[in-house]
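Novice:
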Amino acid sequence: MIQVQNLSKAFGEKQIIKDISIDFIKGKVNIIIGESGSGKTVLSKLMVGLMEPDSGKVIYDGNNFIGLNFDDKREIRKQIGMLFQGGALFDSMTVEQNIVFPLSMFTNMSEQEKTERANVCLNRVNLVNVNKLFPAELSGGMKKRVGIARAIAMNPKYLFCDEPNSGLDPKTSILIDNLIKEITEEFNMTTIVITHDMNSVIEIGDYINFIFKGELWWKGNSGEILKTDNKEINDFVYCSTFMKKVKENL
Amino acid sequence: MNWLYHFGRYYLLIKRTFKRPEKFSIYWKQYVLQMDSLGIGSLGIVSIISIFMGAVICIQSAFGFESPWIPLYAVGVSTRDIITLEFSPTVVCLILAGKVGSNIASEIGTMRVTEQIDALEIMGINSSGYLIAPKILAAVTMFPLLIVLSMFLGLFGGYVVGVAAGAVTPYEYIYGITYDFRPYNIVYALVKTYIFSFIITSVSAYHGYFTNGGALEVGRSSTKAVVYSSILILLFNVIITQILLS
Ligand SMILES: Nc1ncnc2c1ncn2[C@@H]1O[C@H](COP(=O)(O)OP(=O)(O)OP(=O)(O)O)[C@@H](O)[C@H]1O
Ligand SMILES: [Mg+2]
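Given below as structure tokens:
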């Protein structure tokens, strides 16, 4: 479980994250949704220590991450898998090298074991025969999937996915969503998915946190989000004609 | 106050860069790779520049010494001293600052803006150690070798062109470049090179590592890397010369 307590962050004058407190539950898919620019990515970066918060705590299974020194942070980070919004694949390495890189760094696996592990991870995201390609040779959706494969290579306890299915076709998108759900339950991970895709929210969201202008505006589950009468949520969820039609038939 | 801020941040980065590696073998592999890319990769440019500059230095010396009172071997002496004391260690390092410095800053800067450095950090890897330490060590290993090579090639270029142009005879040139040879001058040149190698790689890595923004800023960082490492080379050139030669 990851607990965020009273987290705040400003860039200059602009308050981006305003006193957010959320408990992210173990073995469940915890979703963060919100408009573009509402602070979702910043919140996730504060949680993993890529940005320093102005105040507040981030507690990983009882240990406050904020204020730890580099070596203690490393011990927690080794248990974190993260999919970046832009993929962030190492472009000087092949797909396979990307995936096995943390394994080479922190384990004593043989080359063959590492290749096997890479293949297991790639199979899970429905990619085959891409081991020797470089990131520049992949399509946007393939990069995303390699990003996920890399994030799960170390069997993380905590999984962060920033927009795992933006830029994917609907079919692959659902496949990735289901994959995230499956591994979350299988390995009892604490998973945090950042998205603005309502499909994913309904498909896999166990707990949903709606961020609005840097504040935690609403939380609940996927059934509740469709029925709430909170104005900002309705504006967000039912902005498209398609969703409006869905609502009429609900 | 601005330079104090940069100096402090630079110092902290370098301190973090030389923390104990997570795994020695991976850093070693990276070190070997960087020796190839920074060192062997610069062989061509260093060779060409050294041969041509050596030739010009020799001809200019001969031109300046056209007097019956100065022995012809003085051309050799002067060519040697200019090349070993100043041309190879300083001018070649300035050229390396342009080539290697911009390369390092743009490589690391690109990794920064595409979040690859963040990805390393999330894995629990000391990103500055992994990315920067092998580059600094590779440069400190390879640049002195390049500079020694540059000295030889410079003297060789001077010989070939000086003799061909009739500015000096082979005998006098060889006599001149060995006349009153002081090994200490080579020590001085190598000390300079070690320090310049460190400056080039660490200053460029610093500018790349703290890039923020996008592709435009990567370009800006790489320009800054070259400008600041060149200025620091010139500054330290004066300081080291003052300490070692006066
Ligand atoms: N390093 C930074 N410096 C200054 N401002 C920043 C920085 N990073 C983000 N911001 C600002 O914080 C706000 C929230 O950004 P964030 O990336 O968290 O949005 P988001 O909710 O992830 O949006 P999207 O859905 O488009 O990814 C934006 O207004 C952005 O301009
Ligand atoms: Mg975002």
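Taken in order, these protein sequences are the chains called L and S.
For the first sequence, my numbering assigns the number 12 to the initial residue and increments by one for each residue that follows.
For the second sequence, my numbering assigns the number 4 to the initial residue and increments by one for each residue that follows.
Using N, Cα and C, we set each Cβ at its ideal position, and we do this for glycine too.
#1: For ligand 1, which residues have a Cβ under 5 Å from at least one heavy atom, in chain order?
#2: Count the other CB atoms within 10 Å of the CB of V173(L); is the residue buried (16 or more) or exposed (fewer)?
#3: Less than 8 Å separating the beta-carbons of A208(S) and I128(S)?
#4: Tell whether a beta-carbon distance below 8 Å holds between N176(L) and S150(L).
#5: Give the secondary structure of F171(L) by DSSP, where H, G and I count as helix, E and B as strand, and everything else as coil.
#6: Taking 8 Å as the threshold (C-beta atoms), are V103(S) and I203(S) in contact?
#7: Could you tell me whether the Cβ of P113(L) comes closer than 8 Å to any Cβ of chain S?
#8: I205(L) to F171(L), Cα distance in whole Å?
#9: Using the rule of at least 16 other Cβ atoms within 10 Å of the residue's Cβ for burial, across every protein chain shown, is A58(S) buried or exposed?
#10: Measure the alpha-carbon distance for V151(S) versus F112(L) and round it to whole angstroms.
#11: Please decide whether A122(S) counts as near chain L, where near means a Cβ-Cβ distance under 8 Å.
#12: What residue range does the alpha helix (DSSP H) around Y218(L) cover?
#13: Could you tell me whether the Cβ of P227(L) comes closer than 8 Å to any Cβ of chain S?
#14: Would you call the region 53 to 71 of chain L and the region 233 to 243 of chain L touching, i.e. three or more CB-CB distances under 8 Å?
#15: Once the 5 residues before and after L88(S) are set aside, which same chain residues still bring their CB inside 8 Å of it?
#16: Does ligand 2 have a heavy atom nearer than 7 Å to the CB of D208(L)?
#17: Does the CB of V212(L) have a neighbour CB from chain S at under 8 Å?
#18: So does the region 171 to 185 of chain S actually touch the region 235 to 243 of chain S, counting three or more Cβ pairs closer than 8 Å?
#19: Under 8 Å, Cβ to Cβ, is there at least one residue of chain L near I262(S)?
#20: Mapping the DSSP letters down to three states, classify D30(L) as helix, strand or coil.
#21: Judging by CA-CA distance, which residue of A100(S), E110(S), R83(S) is the nearest neighbour of S103(L)?
#22: Grab the span of the beta strand (DSSP E) containing F22(L) for me, first residue to last.
#23: Let's see if you can read the secondary structure: which residues bound the alpha helix (DSSP H) around T252(L)?
#24: Under 8 Å Cβ to Cβ from I236(S), same chain only, skipping five residues before and after it: list those, please.
#25: Using a Cβ-Cβ cut-off of 8 Å, state whether V69(L) counts as contacting chain S.
#26: Of the choices I222(L), E107(L), F247(L), T201(L), whose alpha-carbon is the least far from that of I8(L)?
#27: Measuring only the C-alpha atoms, how far is S91(S) from I234(S)?
#28: From I185(L) to D39(S), what does the alpha carbon distance come to, in whole angstroms?
#29: Can you tell me where the alpha helix (DSSP H) with K143(L) in it begins and where it stops?
#30: Anyone know if the C-beta pair for V229(S) and L149(S) falls short of 8 Å?
#31: Can you give me the start and stop residues for the alpha helix (DSSP H) that M114(S) sits inside?
#32: Nearest chain S C-beta to I91(L) closer than 8 Å, yes or no?
#33: Cutting at 7 Å between CB atoms, please list the residues of its own chain near K182(L), excluding the five before and the five after it.
#34: Excluding the five sequence neighbours on either side, which residues of its own chain have a C-beta within less than 8 Å of the C-beta of I27(L), listed in chain order?
#35: Nearest to K168(L) by alpha carbon, out of L144(L), G23(L), I87(L)?
#36: In this structure, what does DSSP give as the bridge partners for F35(L)?
Specialist: This is what the structure holds:
#1: F22(L), I27(L), S47(L), G48(L), S49(L), G50(L), K51(L), T52(L), V53(L)
#2: According to the sequence provided, residue 173(L) is Asp. The question's Val does not apply to it. Burial call: buried.
#3: no
#4: no
#5: strand
#6: yes
#7: yes
#8: 8 Å
#9: buried
#10: 37 Å
#11: yes
#12: Taken as a continuous stretch (DSSP letters only), Y218(L) belongs to no alpha helix (DSSP H), being part of the beta strand (DSSP E) at 218 to 223.
#13: Looking at the sequence shown, residue 227(L) is not Pro but Leu. L227(L) does not count as touching chain S.
#14: no
#15: N188, Y191, A192
#16: no
#17: no
#18: no
#19: Here chain S covers residues 4 to 249 and nothing more, so residue 262(S) does not appear.
#20: strand
#21: E110(S)
#22: 13 to 22
#23: 252 to 259
#24: T93, C96, L97, A100, F199, I202, I203
#25: no
#26: This structure cannot speak to residue 8(L), because chain L is shown only from 12 to 261.
#27: 17 Å
#28: 45 Å
#29: Where K143(L) is concerned, there is no enclosing alpha helix (DSSP H), given that its DSSP letter is neither H nor E.
#30: no
#31: 105 to 116
#32: yes
#33: none
#34: K20, A21, G50, V53, G225
#35: I87(L)
#36: I13(L)
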